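In this note's numbering, the protein residues as written are 259 to 416. Just so you know, even glycine gets a beta-carbon here, dropped at the ideal spot from N, CA and C. Every value quoted in this text rests on a predicted model; they were computed, and no experiment measured them. Working notes for the structure below.
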Amino acid sequence: MSFEKAKADLEEKGLGDHVIVLNESSATVAEAAHALGVEPVSIAKTLSVLQGEKPVLIVTEGTAKLDNHKYKSLFHMKAKMIPYDEVETYVGHASGGVCPFGVNEGVAVYLDESLRKFDTVYPAAGNGHTAVKLTLQELEAAAGAEGWVDVCKEPEGE
259 MSFEKAKADL
269 EEKGLGDHVI
279 VLNESSATVA
289 EAAHALGVEP
299 VSIAKTLSVL
309 QGEKPVLIVT
319 EGTAKLDNHK
329 YKSLFHMKAK
339 MIPYDEVETY
349 VGHASGGVCP
359 FGVNEGVAVY
369 LDESLRKFDT
379 VYPAAGNGHT
389 AVKLTLQELE
399 AAAGAEGWVD
409 VCKEPEGE
């Protein structure tokens with residue numbers, strides 16, 4: 259059901275033809291990059307966190323990690339990942355397909371600055387066998403984001 263919700267949301271925004279259905283799994287950054295034939299950094303990974311009881315999504319570049327210090331400085335609370343088996347209930351998409359499209363009412367979405375170095379990114383589209391090829395501008399418009407944040411760190415050696 260969550261793929262249908264994500265696709266309908268993207269179609270409403272004129273981006274339904276950007277959805278890619280894959281034969282291979284795209285549930286992890288590495289799997290998505292392999293299935294799409296792109297570098298892992300160009301996968302737009304969506305992190306699911308709780309702020310109190312409020313679910314929040316943060317879309318980052320594929321290899322970035324949440325920086326707890328930056329997160330706490332911005333949101334004035336410690337980052338708490340949504341437990342794996344509760345993600346779908348809170349967000350509307352199960353782990354492996356979490357994306358900022360067609361999410362449950364009240365889910366806040368932020369885009370991390372780590373994405374800004376790309377022209378095109380590939381977020382999921384509601385399940386572990388889909389992706390969406392979007393320009394950064396299309397992602398920004400389609401995600402309905404609250405804004406841009408800087409809460410991630412690049413992997414060591416980057």
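query                                                                                                                                                             : result
Given a threshold of 16 other Cβ atoms within 10 Å of its Cβ, counted over all protein chains shown, does Y380 qualify as buried or as exposed?                   : buried
To the nearest whole angstrom, what separates the beta carbons of G350 and G386, a pair I think is in contact under 8 Å?                                          : Contact doesn't hold; Cβ gap of about 15 Å is too wide.
Go ahead and pull the three-state DSSP assignment for D343.                                                                                                       : helix
Taking the alpha carbon of E398 as the reference point, which residue from D325, T318, F333 and N362 has its own alpha carbon closest?                            : T318
Please list, in chain order, all residues of the same chain as D325 whose beta carbon is under 7 Å from its beta carbon, the five residues on each side excluded. : V409, C410 and K411
By the 10 Å Cβ neighbour count, where 16 or more other Cβ atoms means buried, how is G405 classified, buried or exposed?                                          : exposed
So does the stretch 333-346 actually touch the stretch 268-288, counting three or more Cβ pairs closer than 8 Å?                                                  : no
With a Cβ-Cβ cutoff of 8 Å, do A382 and C357 count as a contact?                                                                                                  : yes
Between the Cα of E371 and those of E311, Y329, L308 and V307, spot the shortest distance and give me the residue it belongs to.                                  : Y329
Quick test of your reading: A401 and S260, contact by CB under 8 Å. State the CB separation rounded to the nearest angstrom.                                      : That pair is no contact at about 16 Å.
Hey, out of E262, L268, V361 and K375, whose CA is closest to L315's CA?                                                                                          : V361
Candidates L273, L280 and L308: which alpha carbon is nearest G345's?                                                                                             : According to the sequence provided, residue 345 is Val. The question's Gly does not apply to it. Of the listed residues, the one whose Cα sits closest to V345 is L308.
Which same chain residues end up closer than 8 Å to E416 when comparing Cβ atoms and leaving out the 5 residues on each side of it in sequence?                   : Note on E416: pLDDT 47, under 50, position unreliable in the model; no value is reported.
Could you spell out the range, first to last residue, of the alpha helix (DSSP H) harbouring K303?                                                                : First-last for K303: I301 to Q309, but that is the beta strand (DSSP E), not the alpha helix (DSSP H).
Taking the alpha-carbon positions, what's the K391 to V277 distance?                                                                                              : 7 Å
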